[in-house]
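Chains as they are written, first to last, in the working numbering: chain X, 448 to 579; chain A, 448 to 579; chain Y, 448 to 579; chain B, 448 to 579.
In what follows, a structure is listed as structure tokens, so that the remarks can point back to it.
4 protein chains.
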Amino acid sequence: MRTCPVRVYYEDTDAGGVLYHAAIVRYLDRARAEWLREDGISLEQVAREQKRAFAVREIRVRYLNPGHLDDALVVRTELSDSGPASLDFAQSVWRDEECLATAEVRVACIDTETERPAAIPEQMRQGAKFDG
Amino acid sequence: MRTCPVRVYYEDTDAGGVLYHAAIVRYLDRARAEWLREDGISLEQVAREQKRAFAVREIRVRYLNPGHLDDALVVRTELSDSGPASLDFAQSVWRDEECLATAEVRVACIDTETERPAAIPEQMRQGAKFDG
Amino acid sequence: MRTCPVRVYYEDTDAGGVLYHAAIVRYLDRARAEWLREDGISLEQVAREQKRAFAVREIRVRYLNPGHLDDALVVRTELSDSGPASLDFAQSVWRDEECLATAEVRVACIDTETERPAAIPEQMRQGAKFDG
Amino acid sequence: MRTCPVRVYYEDTDAGGVLYHAAIVRYLDRARAEWLREDGISLEQVAREQKRAFAVREIRVRYLNPGHLDDALVVRTELSDSGPASLDFAQSVWRDEECLATAEVRVACIDTETERPAAIPEQMRQGAKFDG
Chain X
448 MRTCPVRVYY
458 EDTDAGGVLY
468 HAAIVRYLDR
478 ARAEWLREDG
488 ISLEQVAREQ
498 KRAFAVREIR
508 VRYLNPGHLD
518 DALVVRTELS
528 DSGPASLDFA
538 QSVWRDEECL
548 ATAEVRVACI
558 DTETERPAAI
568 PEQMRQGAKF
578 DG
Chain A
448 MRTCPVRVYY
458 EDTDAGGVLY
468 HAAIVRYLDR
478 ARAEWLREDG
488 ISLEQVAREQ
498 KRAFAVREIR
508 VRYLNPGHLD
518 DALVVRTELS
528 DSGPASLDFA
538 QSVWRDEECL
548 ATAEVRVACI
558 DTETERPAAI
568 PEQMRQGAKF
578 DG
Chain Y
448 MRTCPVRVYY
458 EDTDAGGVLY
468 HAAIVRYLDR
478 ARAEWLREDG
488 ISLEQVAREQ
498 KRAFAVREIR
508 VRYLNPGHLD
518 DALVVRTELS
528 DSGPASLDFA
538 QSVWRDEECL
548 ATAEVRVACI
558 DTETERPAAI
568 PEQMRQGAKF
578 DG
Chain B
448 MRTCPVRVYY
458 EDTDAGGVLY
468 HAAIVRYLDR
478 ARAEWLREDG
488 ISLEQVAREQ
498 KRAFAVREIR
508 VRYLNPGHLD
518 DALVVRTELS
528 DSGPASLDFA
538 QSVWRDEECL
548 ATAEVRVACI
558 DTETERPAAI
568 PEQMRQGAKF
578 DG
């Protein structure tokens, strides 16, 4: 399980005075990018050198408690399953000990030129994360 | 079932050259606002006069096909279920006859001052949509 | 002068209860895309077929009055000047007769492969807008 | 002069393959929030306890070089001038030694209930930043 800190700015809030629900979807995406970066994997490099990207196939988010401006949040991310061309993540967003949201996200590896499913590059599969 | 047209602009795309997945979550939100507006309900007015807002409790989106810059999309929205303090929507995003995404969304009516669940205002419940 | 209608949704507001200032920057961008579309020009097509894009070089926005959730706004756009590789726009955002913001925006035509300045395609220059 | 690190995620990029220009406007806003936080000032607290917010009155951004996915950027922020009810900031965005954008931003202190200009709270004026 890896963690990624996120601060709530005005851009993330809405006129209801709370953290906008789609902002959490962006936070989850940031946290998955940081999860890969911890293994030395840069999404930019993967796209440029290997013509591969991760496309979100399914996302399910349960919102449990409202977030607010200036909150210092933490996104927890772990790999729950992996296939030859997809990764399943379990994620959650926390403010101290209070859980704001939980999420399950499936991403598929795609060839950026054809936009079709493609095998996850071997180099990426060798990371410890795929053993977990 | 009601429809809401949406155009894909640069702000909605990402460096993968496609419609960013969280942008679709925003489109779904716009379409729910327009769904209410067709019954003469303004979210701004509901918030100001009745201190009520709709908070997303759960969202599940399946991404089926990529969207692209300049696409003219249509979001289809229908009420699939309703309770005293919540509404369930079935939504989908289309480019002509091609479905880009399907979604199930539960929103809860909340008191904007306490941020706690509250009954959906009677005036809103009288709309034909709640009979459907 | 061309106009583009824009609705303010929750995604565009912030916890101050008003239209977020960066959302107006996105609105201006949408209106420039629609301005081109009125001449039959699609930014997606220009990028794909001619490897050209318009990059914002400078933007100046003066915020005069706050916008709010559910506002039905109109963005007015006119070409104020044009060079071989750049366009200058004068834009403003209105709620009925009240001006929310005025803006001056310079965009440069770039080659999407080199990211360097490039001449505006001849086909685009022939539009009536460049005579105005 | 204070600095604020920012990472470029997919949410910040566009189909042109570069950092979207309005994302930089959001980065500038984050950096101003962090600038205040360094003096122990929380925008959320100011809004809740003193009914004050800072509204952007004018923003001018010059875009000099494109940003890209995964870039590790730094926003530099300094107060260039201050009045009884407004603050002027000079900001810039950097990738190592390369400047991506410069900006001048004027924000006004407003009463969140009336949405009208209001004096900057005395407590905030006592910070060292206003002496600089």
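From the three backbone atoms N, C-alpha and C, an ideal C-beta is built for every residue, glycine too.
Since we're looking at a predicted model, the values are computed, not measured.
> In three-state terms, what does DSSP make of LEU475(Y)?
Replying inline: Stepping through the third sequence from its first residue, residue 475(Y) is reached at position 28. In the three-state reduction of the DSSP assignment, LEU475(Y) falls in the helix class, which pools H, G and I.
>> Short of 9 Å Cβ to Cβ, which residues in the region 502-521 of chain A face chain Y?
In response: Among the residues of the region 502-521 of chain A, those with a Cβ less than 9 Å away from any Cβ of chain Y are HIS515, LEU516, ASP517, ASP518, in the order of the chain.
> How is the beta strand (DSSP E) around ALA500(B) delimited, first residue to last?
Replying inline: Sequence index remark: in the fourth sequence, residue 500(B) carries index 53 (1-based). Looking at the DSSP string, the run of the beta strand (DSSP E) that includes ALA500(B) is 499-510.
>> Quick check: is the beta carbon of ALA550(B) nearer than 7 Å to any beta carbon in chain X?
In response: Your numbering for residue 550(B) matches position 103 in the fourth sequence. With 7 Å as the cut-off, ALA550(B) does not count as an interface residue toward chain X.
>> To test your reading of the DSSP string, which unbroken alpha helix (DSSP H) runs of 4 or more residues are found completely within the region 547-573 of chain A?
In response: Taking only runs of at least 4 residues, the alpha helix (DSSP H) segments lying wholly in the region 547-573 of chain A are 569-572.
>> Quick check on the burial criterion: 16 or more other C-beta atoms within 10 angstroms. Buried or exposed for GLU569(B)?
In response: Here residue 569(B) refers to the residue found at position 122 of the fourth sequence. It counts as exposed.
>> For chain B, check one thing: does any of its Cβ atoms lie closer than 7 Å to the Cβ of GLU562(Y)?
In response: Translated into the one-based positions of the third sequence, residue 562(Y) becomes position 115. Closer than 7 Å: yes.
> How would you label MET610(A), buried or exposed, when you count the other beta carbons within 10 angstroms and need 16 or more for buried?
Replying inline: As displayed, chain A neither begins before 448 nor continues past 579, which places residue 610(A) out of reach and without an answer.
>> For chain B, check one thing: does any of its Cβ atoms lie closer than 7 Å to the Cβ of ARG499(Y)?
In response: One-based indexing of the third sequence puts residue 499(Y) at position 52. The beta carbon of ARG499(Y) sits no closer than 7 Å to any beta carbon of chain B.
> When we look at the beta-carbon of GLY579(B) and count the other beta-carbons within 10 Å, is it buried (16 or more) or exposed?
Replying inline: Stepping through the fourth sequence from its first residue, residue 579(B) is reached at position 132. For GLY579(B), the predicted structure reports a pLDDT of 45, less than 50, and the residue's modelled location is therefore unreliable. The matter cannot be settled from this model.
> In the region 456-478 of chain Y, which residues sit with their C-beta less than 8 Å from some C-beta in chain B, listed in chain order?
Replying inline: The region 456-478 of chain Y vs chain B, Cβ under 8 Å: ALA462, GLY463, GLY464, VAL465, HIS468, ALA469, VAL472, ARG473, ASP476.
> Where does VAL493(X) fall in DSSP's three states?
Replying inline: Position 46 of the first sequence, counting from 1, holds the residue named residue 493(X). Correct three-state label for VAL493(X): helix.
>> Suppose the cutoff is 8 Å on Cβ atoms and the five residues either side in sequence are ignored; what does the same chain contact list for ALA575(A) look like?
In response: Position 128 of the second sequence holds residue 575(A). Reliability of the predicted coordinates at ALA575(A) is poor, the pLDDT of 45 falling under 50, and no value is obtained from them.
> Three or more beta-carbon pairs under 8 Å between the region 552-571 of chain X and the region 484-504 of chain X, yes or no?
Replying inline: Verdict: yes, contact present.
> In the DSSP assignment, what are the bridge partners of LEU516(X)?
Replying inline: Indexing the first sequence from 1 puts residue 516(X) at position 69. DSSP, once it has assigned bridges, lists no residue as partnering LEU516(X).
>> For THR590(A), tell me which candidate among SER539(X), ARG507(X), SER529(X) has the shortest Cα-Cα distance.
In response: Only positions 448 to 579 of chain A appear in the structure, and residue 590(A) is not among them; the question remains open.
>> Just verifying my parser: in three-state terms, what is the DSSP assignment at GLU545(A)?
In response: Numbered from its first residue, the second sequence carries residue 545(A) at position 98. DSSP places GLU545(A) in the strand class (E or B) of the three-state scheme.
> In whole angstroms, what separates the C-alpha of ALA565(B) from that of GLY463(Y)?
Replying inline: Here residue 565(B) refers to the residue found at position 118 when the fourth sequence is read from its first residue. Here residue 463(Y) refers to the residue found at position 16 when the third sequence is read from its first residue. About 15 Å.
> So, using beta-carbon positions, are ARG477(B) and TYR456(X) closer together than 7 Å?
Replying inline: Here the question's residue 477(B) lines up with position 30 in the fourth sequence. Here the question's residue 456(X) lines up with position 9 in the first sequence. Closer than 7 Å, so yes.
>> Let's see if you can read the secondary structure: which residues bound the beta strand (DSSP E) around THR450(B)?
In response: Within the fourth sequence, numbered from 1, the residue matching residue 450(B) stands at position 3. For THR450(B), the enclosing beta strand (DSSP E) has its first and last residue at 449-454.
>> Three Cβ pairs or more, each shorter than 8 Å: is that satisfied between the region 535-545 of chain A and the region 510-522 of chain A?
In response: Touching, yes, given that three or more Cβ pairs across the two stretches are closer than 8 Å.
> Looking only at its own chain, which residues have a Cβ that is under 6 Å from the Cβ of ARG509(X), when we skip the five neighbours before and after it?
Replying inline: Sequence index remark: in the first sequence, residue 509(X) carries index 62 (1-based). Sequence-distant partners of ARG509(X) (beyond 5 residues in either direction) whose C-beta falls short of 6 Å from its own C-beta, in its chain, are THR549.
>> Let me make sure I understand the geometry here. Which of ALA470(B), GLN497(B), THR561(B), GLU481(B) has the alpha-carbon closest to that of THR524(B)?
In response: To locate residue 524(B), count along the fourth sequence from 1; it is residue 77. Residue GLU481(B) is the option with its Cα nearest to THR524(B).
> When the Cα atoms are used, what is the spatial distance from LEU483(B) to SER529(B)?
Replying inline: As a position in the fourth sequence, residue 483(B) is number 36, starting the count at 1. As a position in the fourth sequence, residue 529(B) is number 82, starting the count at 1. So the alpha carbons of these two residues sit roughly 14 Å apart.
> Rounded to a whole number of angstroms, what is the C-alpha to C-alpha distance between GLU458(X) and ASP459(A)?
Replying inline: Against the first sequence, residue 458(X) aligns to sequence position 11. Against the second sequence, residue 459(A) aligns to sequence position 12. A straight line joining the alpha-carbon of GLU458(X) with that of ASP459(A) spans about 15 Å.
>> Using only the alpha-carbon positions, how far apart do ALA537(X) and LEU490(X) sit?
In response: Counting from one through the first sequence, the residue named residue 537(X) turns up at place 90. Counting from one through the first sequence, the residue named residue 490(X) turns up at place 43. C-alpha separation (whole angstroms): 19 Å.
> Relative to the C-alpha of ASP518(B), which residue among MET448(B), ILE471(B), ARG449(B), ILE567(B) is closest?
Replying inline: Within the fourth sequence, numbered from 1, the residue matching residue 518(B) stands at position 71. Checking every option, the nearest Cα to that of ASP518(B) belongs to ILE471(B).
> Between THR450(A), VAL493(A), PRO452(A), which lies nearest to THR559(A) when the distance is taken from Cα to Cα?
Replying inline: Reading the second sequence from its first residue, position 112 is the one you call residue 559(A). Ranking THR450(A), VAL493(A), PRO452(A) by Cα distance to THR559(A) puts VAL493(A) first.
>> Are there any heavy atoms of the ligand ATP lying less than 6 Å away from the beta-carbon of LEU526(X), as far as the coordinates show?
In response: Here there are no bound small molecules, and the ligand ATP is not part of this structure.
>> Can you confirm whether GLU491(A), when its beta carbon is compared against all beta carbons of chain Y, has any partner nearer than 7 Å?
In response: As a first step, residue 491(A) is located in the second sequence; it is residue number 44 there, counting from the start. The C-beta of GLU491(A) comes closer than 7 Å to at least one C-beta of chain Y.
> Can you list the residues of chain C that ALA480(Y) reaches, using a CB-CB cut of under 7 Å?
Replying inline: The chain labelled as chain C is not found among the protein chains of the depicted structure, namely X, A, Y and B.
> Which residues in chain B sit within 8 Å of THR559(Y), going by Cβ to Cβ distance?
Replying inline: Within the third sequence, residue 559(Y) is the residue found at index 112, counting from 1. The answer, in chain order, is GLY463, GLY464.
> Name the DSSP beta bridge partners of GLU525(A), please?
Replying inline: Translated into positions along the second sequence, residue 525(A) becomes position 78. BP columns for GLU525(A) point to ALA537(A).
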